[in-house]
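So the structure is just underneath, and the comments pick up after that.
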Amino acid sequence: MRTFFVVVVIQHLLAAIAAYRALPSSKLIVLYAPGCNSTKLIEEVRRGCNVLIWFSVSLKNGSFIEGGPNRSCVLEVQREVDAVHMISIGGWDAPHPEGNGTEWWSAFEAWNEGLYDGIDWDLEGNDDLGSPYNTMSFETLRLVNDMSVAARKAGAIVSIVPPQSYLDTSETTFSYSLENTYSDFVPEFTYRGRNTYAPLVAWFDYDFVDVQLYESWSRTGQALEQTGADPAHYLLDLVRSLTHDYFVGGFPPELGLGNETLNLSIPLDKLVLGFSRGSPTTPSQAPGKSPFISPSDVGRAWQMMGDHAPRGCMLWNANLDGGPCWLNDGTQLDSCEFVETWNKFLLQRNHALT
Ligand SMILES: *[C@@H]1O[C@H](CO)[C@@H](O)[C@H](O)[C@H]1NC(C)=O
Ligand SMILES: *[C@@H]1O[C@H](CO)[C@@H](O)[C@H](O)[C@H]1NC(C)=O
Ligand SMILES: *[C@@H]1O[C@H](CO)[C@@H](O)[C@H](O)[C@H]1NC(C)=O
Ligand SMILES: *[C@@H]1O[C@H](CO)[C@@H](O)[C@H](O)[C@H]1NC(C)=O
Ligand SMILES: *[C@@H]1O[C@H](CO)[C@@H](O)[C@H](O)[C@H]1NC(C)=O
Ligand SMILES: *[C@@H]1O[C@H](CO)[C@@H](O)[C@H](O)[C@H]1NC(C)=O
């Protein structure tokens, strides 16, 4: 009897130590934090950001977790302001994990020591054509799913951040390759996915799905450039497709998804739209490569969508908020306030900036 009570008390203590914060039930303003400038990040949370996704760690062979920001700086930001803190796994050019997702979650919890409230999956491709990391293997997708299931069971938040081609409403098939091309837009660009993350959303209900509309030469960029679409109308149509009209079929049998076309439409309250500051004209960039949608155009889209607007907006990345941005014709604007503008229609938080 006494042993039983001791076990129960220990279990409660462990649960208290590993208590993960839940996502706020409100709309979300999500920022990526590569590195830690605590002054800047505290400012950004005061402006309205309520989810900080710290960037990033890799899961290396042998249960070794590599990277991540300075922990004492993360703690300093956590002490000062009220936000949810997640850690991203992956990034462009980062290795894809191997092994067992359930076991990786245990390794992660031991490493985490309660610092982050959840994980965000950002496994992407690699600059080197032919790199094994330009294939998102079945084993990797299964690992992501299994680790996500274990994270959910522990009460942690789990999100995915697909580049737009990884959840592409204009393509109806799936591919493991991250070296696909579009015949009708910048065909020489060979780093596209084709519904790479579709199995993930078919298998598991993520806390939010954060689509990178700013992927290089994305369908968003194509629409803005080729049809001259009003960005607000484009967002309206895209949100409708992603939440009502997203069908993918022809999955390989090992994914266990059958051979029917699946309706993978993302619930509206799970969808977050990801934006960037656009592309300057430099040797590795070009106007419109990373498409730009101004925060006020996003505001117009939100107004048009009314009760049918998604969960929130994300910016890559926190350090760039308030700095210069580039229109899709290469014109530079000196100061672009994403979070402050989004806050007006998403949260209306009113924090005094100190
Ligand atoms: C950190 O952020 C503050 C406030 O935005 C800025 O003034 C400062 O230059 C930044 N520091 C670094 C090292 O970037
Ligand atoms: C990781 O370990 C597995 C099994 O030991 C091995 O097959 C694989 O090649 C290793 N991967 C890397 C990237 O080292
Ligand atoms: C980590 O952050 C703390 C608190 O901001 C700072 O004092 C320390 O110098 C940082 N360490 C490194 C290695 O940058
Ligand atoms: C991963 O490990 C767990 C237990 O440690 C086991 O139940 C599960 O089947 C393993 N998953 C795979 C894909 O091997
Ligand atoms: C697909 O799913 C979405 C979201 O649940 C729904 O609104 C839509 O009607 C579905 N489409 C079909 C053809 O079932
Ligand atoms: C789809 O799956 C069913 C049952 O496994 C099988 O009988 C059928 O031939 C498959 N159809 C195609 C087009 O692969």
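All you need for this note's numbering is the position in the sequence shown, starting with 1, plus 2. Quick reminder that beta carbons are idealized off the backbone N, C-alpha and C, glycines included. Because the structure is a prediction, the values reported are computed rather than measured.
Taken in chain order, the complete beta strand (DSSP E) segments of 3 or more residues contained in the stretch 39-119 are 53-62, 66-69, 86-93. Across the structure, Pro293 and Glu342 are spaced so that their CA atoms are roughly 20 Å apart. In this structure, Pro164 sits near Tyr199, with a CB-CB distance shorter than 8 Å. In the DSSP assignment, Met316 falls within the unbroken beta strand (DSSP E) covering 314-317. Comparing C-alpha distances from Ser218 to each of Ser243, Thr183, Thr137, Asp209 shows the shortest one belongs to Thr183. In the DSSP assignment, Asp299 falls within the unbroken alpha helix (DSSP H) covering 297-307. For Arg302, the CB contacts under 7 Å within the same chain, skipping 5 residues up- and downstream, are Ala234 in chain order.
Around the CB of Ser90, 16 or more other CB atoms lie within 10 Å, so the residue is classed as buried. Per DSSP, Tyr135 is not a residue of any alpha helix (DSSP H), being assigned neither H nor E.
Listed by position in the chain, the residues whose beta carbon lies within less than 5 Å of some heavy atom of ligand 4 are Asn102, Thr104. Inclusion of Asn39 in the 7 Å shell around ligand 1 follows from its C-beta lying nearer than that to a non-hydrogen atom of the ligand.
In the structure shown, the three-state DSSP call for Phe191 is coil. Contact annotation, Ala156 with Gly103: C-beta distance approximately 13 Å; criterion of less than 8 Å not satisfied. DSSP places Phe277 inside the beta strand (DSSP E), whose first and last residues are 273-277. Burial state of Ala96 is buried, judged by a 10 Å Cβ sphere holding 16 or more other Cβ atoms. Note on the stretch 228-292: whole alpha helix (DSSP H) runs with a minimum of 4 residues are 233-246, in chain order.
At a Cβ-Cβ threshold of 8 Å, Ser281 and Trp328 count as neighbours. Distance between Asp239 and Ala112, taken at the CA atoms: about 43 Å.
With fewer than 16 neighbouring CB atoms inside 10 Å of its own CB, His310 falls in the exposed class.
Environment of ligand 5, chain-ordered: His246, Asn265, Ser267, taking every residue with Cβ within less than 6 Å of a heavy atom. At least one heavy atom of ligand 3 lies less than 7 Å from the C-beta of Asn72.
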